[in-house]
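Q: Residue numbers (this note's numbering), protein chains in the order written: chain X, 1 to 133; chain S, 1001 to 1133; chain D, 2001 to 2133; chain L, 3001 to 3133; chain F, 4001 to 4133; chain Z, 5001 to 5133. One structure coming up, written as structure tokens, with questions to follow.
6 protein chains.
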Amino acid sequence: MFAVEVRDHIMIAHSLPGEVFGPAQKLHGATFVVDVAFFRAELPPDNIVVDIGRALEALKKALAPLNYANLDEDPALAGHVTTTEFLAKTIFERMAAARRDGWLGPHAEGISRMRVTLSESHVARGWYEADVA
Amino acid sequence: MFAVEVRDHIMIAHSLPGEVFGPAQKLHGATFVVDVAFFRAELPPDNIVVDIGRALEALKKALAPLNYANLDEDPALAGHVTTTEFLAKTIFERMAAARRDGWLGPHAEGISRMRVTLSESHVARGWYEADVA
Amino acid sequence: MFAVEVRDHIMIAHSLPGEVFGPAQKLHGATFVVDVAFFRAELPPDNIVVDIGRALEALKKALAPLNYANLDEDPALAGHVTTTEFLAKTIFERMAAARRDGWLGPHAEGISRMRVTLSESHVARGWYEADVA
Amino acid sequence: MFAVEVRDHIMIAHSLPGEVFGPAQKLHGATFVVDVAFFRAELPPDNIVVDIGRALEALKKALAPLNYANLDEDPALAGHVTTTEFLAKTIFERMAAARRDGWLGPHAEGISRMRVTLSESHVARGWYEADVA
Amino acid sequence: MFAVEVRDHIMIAHSLPGEVFGPAQKLHGATFVVDVAFFRAELPPDNIVVDIGRALEALKKALAPLNYANLDEDPALAGHVTTTEFLAKTIFERMAAARRDGWLGPHAEGISRMRVTLSESHVARGWYEADVA
Amino acid sequence: MFAVEVRDHIMIAHSLPGEVFGPAQKLHGATFVVDVAFFRAELPPDNIVVDIGRALEALKKALAPLNYANLDEDPALAGHVTTTEFLAKTIFERMAAARRDGWLGPHAEGISRMRVTLSESHVARGWYEADVA
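Structure, rendered in structure tokens:
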């Protein structure tokens, strides 16, 4: 299995309702360093898993609505607890849609799996990984 | 698959008997930066893989008998060569026990897999990963 | 010159008023990984710049009012633009006060200089460094 | 599953022919920080996945023909686009051969899987992972 | 003293003539992760050392002629041995010129010192630091 | 001011006598990732602060008596509390001697200052920096 992973980041505010979150129930924030990994079984003739330039552009586009935002006021996230795990899946789904819609270029058709990792500090991170059809 | 990973560290002394270990046969030591990853297939309604606060506490508790210790004199490790790989599994088993015993909270019942990684320097690390029942 | 540096982190929300801040004028947030360095010219007999355990406790105490908070609503910061640079100095002053008040222990009297670094992402950080009397 | 991972690096020049590579079609270069992970199901009595000393030596040997080289002039790579992904597999194959030829020592027979990761900057990396027979 | 530091990177080919360079006399390459630190004694009312957005743009502009290039063929570097140290100063001078020419914005007038660091691998880096008039 | 910094590491056992050290009074251990920075005002014609190959060899030689050792039994350290700070200065002195004795090569005569940093975990490090005559 081959993989390529690229990195960007977002800076967000949010609150996490629920007793389990302790002080994080208050409005606070986070920098999430976001890594997206693309997996595929075999390489095409130009030996790339994905066009990295397009991958970085698609990631920036996927992250734009979240960046410099208060997630508590984002209609697309209403009713959800915006944990690191949940946001990893949210970004995964946006990247999967970008792939389906051709934003990752023709090479991206061979991608069979993706993983989105959000590092929230030097001591904690979360990710979501799944096949893409 | 969702995952969350948290970090702590220990500082230990030990020796590694056996010719294959060369100079590490002598009493020496290591800082192990310890990452524990928790995996689960689906998220519960509050969107967390595990209660991170409890995970960090359970990890600190699991590491306490090893921290600032000479592993050569730890009765729980007697007869074992305390390599990075072996210690990764040892800590894995203690974290798995913590989960069974409820130290990770009710959310932890949905955890299906764990991984414990020990980074011993900027150039070497080891890990153990397995399902938890 | 000897130095010791310790690390902790905070997760905050804030907004940065002023056209120069572009999209960061909106309410957003950040994880700041906070490193505090303590400098001194010579070591005392037990060869430590500062008691690391006390330094970490004092840092946690200095950071507590900022952690999991919306800095826009912190009375102690009212009227200030809470940039990374400004927050570095704010934390510096709280650590300098902790030293004066004895929270860093008797060793801390020999500390002549401190530096507080806030890393806000994998591509940007800021710091404040100055002598302490 | 147990794993051990070791690190080295190479500094190479190359060009990447093909419109998809944009400015990287020109002769340029890269530092690749190379991590090789070795996986095995169970540990032998001395509790090691692989002899780390031998693994590092074998890695240095596998990397030597690539290090401080212009890959465009390497006959072994002629006709291939030397992307990060492709180089990860190339190094994987050389490490797999090293294992078959006994360079990793007798412990290496129990290794069932390997992964080679090439980090090319703080924002991009690629890897190849597969079973070894 | 306040400081802000931002990061970008370049991927270059070059050769280093002179016996002292051993195998690096051959055409090879490097990724340089480039950090530029800006220092100033006091903060202006909006509490920033420099406009980070402008700093990142100016850095990208300063790096552009070096990125994806063979430095052996760059007329601006002809006759120079393009070591990490030398390139750090080269980029420093281009950033100092950017500041003088107003690319860093009006805040940049208060900058009194700069440092450019080039990390070439996980085990080596070089930098140049000096006052700017 | 120009600088170059190189990295190696040691794995040691020791104990730290004195109430201030709490649990670290017991025999334990550490991995110290060791960075040595060399400073000089101007570059010689071949544009290097120091011959990196020689610097790495000299560092390995300076670290050898400490690596895989129990520092409590090292006669050269007898009567000293082997804190991170103290060890930074110890290694500094050995590197300064290496420079005086010619192990760093002729370029090293222009070195005016050095710094030795020991990172003991992801949250703590210490260093010693001074002029060299």
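Just so you know, even glycine gets a beta-carbon here, dropped at the ideal spot from N, CA and C. Please read these numbers as outputs of a predicted model, since none were measured by experiment.
#1: What does a CB cutoff of less than 8 Å around residue 3017(L) pick up in its chain, not counting 5 residues either side in sequence?
#2: Listing by chain order, which chain X residues have their CB less than 8 Å from the CB of residue 2033(D)?
#3: Spell out whether any CB of chain X is found under 8 Å from the CB atom of residue 2027(D).
#4: With DSSP collapsed to three states, give me the class of residue 50(X).
#5: Beta-carbon separation of residue 179(X) and residue 2028(D) under 8 Å?
#6: Identify, in the order they occur along the chain, each residue of the same chain with its Cβ nearer than 7 Å to the Cβ of residue 1003(S), setting aside the five sequence neighbours on each side.
#7: Interface residues of chain L around residue 47(X) at Cβ under 8 Å?
#8: Taking DSSP's pairing of strands, which residues face residue 22(X) in a bridge?
#9: Could you tell me which chain F residues have their CB closer than 9 Å to the CB of residue 2040(D), listed as they occur along the chain?
#10: So is residue 2060(D) buried or exposed if we call it buried at 16+ other beta carbons inside 10 Å?
#11: Determine whether the beta carbon atoms of residue 3124(L) and residue 52(X) lie at a separation below 8 Å.
#12: Could you check whether the Cβ of residue 1076(S) sits closer than 8 Å to any Cβ belonging to chain L?
#13: Run down chain A in chain order and give the residues with a C-beta less than 7 Å from the C-beta of residue 5065(Z).
#14: Considering just the uninterrupted stretch of the alpha helix (DSSP H) at residue 1012(S), what are its terminal residues?
#15: Quick one: what's got a C-beta closer than 8 Å to residue 3134(L)'s C-beta in the same chain, skipping five residues either side?
#16: Have a look at the DSSP bridge pairing and note the partners of residue 36(X).
#17: Going by CA-CA distance only, name the one from 2019(D), 2012(D), 2044(D) and 2021(D) that's closest to residue 2107(D).
#18: Can you give the Cα-Cα distance for residue 1034(S) and residue 4078(F), rounded to whole angstroms?
#19: The ligand COA heavy atoms versus the CB of residue 4017(F): any closer than 7 Å?
#20: At what residues does the beta strand (DSSP E) containing residue 1130(S) begin and finish?
#21: Note down, in chain order, each residue of its chain lying with its Cβ closer than 7 Å to the Cβ of residue 3126(L), except the 5 sequence neighbours on either side.
#22: Given a threshold of 16 other Cβ atoms within 10 Å of its Cβ, counted over all protein chains shown, does residue 5013(Z) qualify as buried or as exposed?
#23: Report, in whole angstroms, the separation of the C-beta atoms of residue 99(X) and residue 111(X), which I expect to be a contact under 8 Å.
#24: Measuring alpha carbon to alpha carbon, tell me which residue in 2109(D), 2130(D), 2073(D) and 2102(D) is nearest residue 2091(D).
#25: What is the DSSP secondary structure of residue 2082(D), counted as helix, strand or coil?
#26: Does the beta-carbon of residue 5062(Z) have 16 or more other beta-carbons within 10 angstroms, so that it is buried, or is it exposed?
#27: Can you tell me the Cβ-Cβ gap for residue 5058(Z) and residue 5103(Z), rounded? I've got them flagged as a contact below 8 Å.
#28: Alpha carbon to alpha carbon, what distance is there between residue 3022(L) and residue 3977(F)?
#29: Would you please verify whether the beta carbon of residue 5006(Z) is less than 8 Å from any beta carbon of chain F?
#30: What do you get for residue 2096(D), buried or exposed, if any count of 16 or more other CB atoms within 10 angstroms of its CB means buried?
#31: Output yes or no for whether 8 Å exceeds the beta carbon distance between residue 5011(Z) and residue 5041(Z).
#32: With which residues is residue 30(X) paired in a DSSP beta bridge?
#33: In three-state terms, what does DSSP make of residue 4041(F)?
#34: Measure the Cβ-Cβ separation of residue 2121(D) and residue 2072(D) and say whether it is below 8 Å.
#35: What in chain X is Cβ-close to residue 2023(D), meaning under 9 Å?
#36: Taking the straight line between their C-alpha atoms, what separation do you get for residue 3115(L) and residue 46(X)?
A: Concretely, from the data shown:
#1: What you label residue 3017(L) is simply residue 17 of the fourth sequence in a count that begins at 1. Cβ neighbours of residue 3017(L) beyond the five flanking positions: 3025 and 3081.
#2: Against the third sequence, residue 2033(D) aligns to sequence position 33. Simply 121 and 122.
#3: Locating residue 2027(D) in the third sequence gives position 27, counting from the first residue. With 8 Å as the cut-off, residue 2027(D) counts as an interface residue toward chain X.
#4: Along the first sequence, read from residue 1 onward, the residue named residue 50(X) stands at position 50. Residue 50(X): coil per DSSP, three-state reduction.
#5: Because residue 179(X) is not part of the residues shown, which for chain X are 1 to 133, the question remains open.
#6: Position 3 of the second sequence holds residue 1003(S). Counting only Cβ-Cβ distances below 7 Å, and skipping sequence neighbours, we find 1037, 1038, 1039 and 1049.
#7: On the first sequence, residue 47(X) is found 47 positions in, with the first residue counted as 1. The answer, in chain order, is 3080, 3081, 3082, 3083, 3085 and 3086.
#8: Along the first sequence, one-based indexing puts residue 22(X) at 22. Residue 22(X) pairs with nothing; no bridge assigned.
#9: One-based indexing of the third sequence puts residue 2040(D) at position 40. The premise fails here: residue 2040(D) is roughly 18 Å from chain F at the closest Cβ pair, so nothing lies under 9 Å.
#10: For the purposes of this step, residue 2060(D) is taken as the residue at position 60 of the third sequence. By the 10 Å Cβ count, residue 2060(D) comes out exposed.
#11: For the purposes of this step, residue 3124(L) is taken as residue 124 along the fourth sequence, with counting starting at 1. For the purposes of this step, residue 52(X) is taken as residue 52 along the first sequence, with counting starting at 1. In contact: residue 3124(L) and residue 52(X) (Cβ atoms closer than 8 Å).
#12: One-based indexing of the second sequence puts residue 1076(S) at position 76. Cβ-Cβ to chain L under 8 Å: no for residue 1076(S).
#13: In the structure shown, chain A cannot be found, because the protein chains are X, S, D, L, F and Z.
#14: Your numbering for residue 1012(S) matches position 12 in the second sequence. That residue, residue 1012(S), is in no alpha helix (DSSP H); its beta strand (DSSP E) goes 1002 to 1014.
#15: Examination of residue 3134(L) is not possible in this model, given that chain L is present from 3001 through 3133 alone.
#16: For the purposes of this step, residue 36(X) is identified with residue 36 of the first sequence, where counting begins at 1. Answer by DSSP bridge pairing, in chain order: 6(X) and 116(X).
#17: Within the third sequence, residue 2107(D) is the residue found at index 107, counting from 1. The shortest C-alpha separation from residue 2107(D) is found at 2044(D).
#18: One-based indexing of the second sequence puts residue 1034(S) at position 34. One-based indexing of the fifth sequence puts residue 4078(F) at position 78. If you draw a straight line from the Cα of residue 1034(S) to the Cα of residue 4078(F), it is about 49 Å long.
#19: Absence of the ligand COA is noted for the structure shown, with no ligands found whatsoever.
#20: Translated into positions along the second sequence, residue 1130(S) becomes position 130. Segment 1124 to 1131, the beta strand (DSSP E) holding residue 1130(S).
#21: Numbered from 1 along the fourth sequence, position 126 holds the residue referred to as residue 3126(L). Closer than 7 Å at Cβ, skipping near neighbours: 3084, 3085, 3088 and 3118.
#22: Along the sixth sequence, one-based indexing puts residue 5013(Z) at 13. With 16 or more Cβ atoms within 10 Å of its Cβ, residue 5013(Z) is classed as buried.
#23: Taking the first sequence and counting its residues from 1, one reaches residue 99(X) at position 99. Taking the first sequence and counting its residues from 1, one reaches residue 111(X) at position 111. So it is a contact: roughly 6 Å between Cβ atoms.
#24: Within the third sequence, the letter at position 91 stands for residue 2091(D). If we check each option's Cα against that of residue 2091(D), 2130(D) comes out closest.
#25: To locate residue 2082(D), count along the third sequence from 1; it is residue 82. In the structure shown, residue 2082(D) sits in coil (DSSP, three-state: anything other than H, G, I, E or B).
#26: Your numbering for residue 5062(Z) matches position 62 in the sixth sequence. Classification of residue 5062(Z): buried, given that the 10 Å Cβ count is 16 or more.
#27: What you label residue 5058(Z) is simply residue 58 of the sixth sequence in a count that begins at 1. What you label residue 5103(Z) is simply residue 103 of the sixth sequence in a count that begins at 1. 4 Å between Cβ atoms; contact.
#28: Outside the modelled stretch of chain F, which goes from 4001 to 4133, sits residue 3977(F), for which no answer is possible.
#29: Along the sixth sequence, read from residue 1 onward, the residue named residue 5006(Z) stands at position 6. Interface residue, yes.
#30: Here the question's residue 2096(D) lines up with position 96 in the third sequence. Its Cβ being crowded by 16 or more others within 10 Å, residue 2096(D) is buried.
#31: For this step, residue 5011(Z) is matched to residue 11 along the sixth sequence. For this step, residue 5041(Z) is matched to residue 41 along the sixth sequence. No, they are not a contact pair.
#32: Position 30 of the first sequence holds residue 30(X). Residue pairing by DSSP puts residue 30(X) in a beta bridge opposite 12(X).
#33: For the purposes of this step, residue 4041(F) is taken as residue 41 along the fifth sequence, with counting starting at 1. Here residue 4041(F) sits in coil by DSSP.
#34: Against the third sequence, residue 2121(D) aligns to sequence position 121. Against the third sequence, residue 2072(D) aligns to sequence position 72. In this structure, residue 2121(D) keeps its C-beta atom at 8 Å or more from the C-beta atom of residue 2072(D).
#35: By one-based count along the third sequence, residue 2023(D) stands at place 23. Those within 9 Å of residue 2023(D) in chain X are 67, 68 and 69.
#36: In the fourth sequence, counting from the first residue as 1, residue 3115(L) sits at position 115. In the first sequence, counting from the first residue as 1, residue 46(X) sits at position 46. Approximately 21 Å, taken between the alpha carbons.
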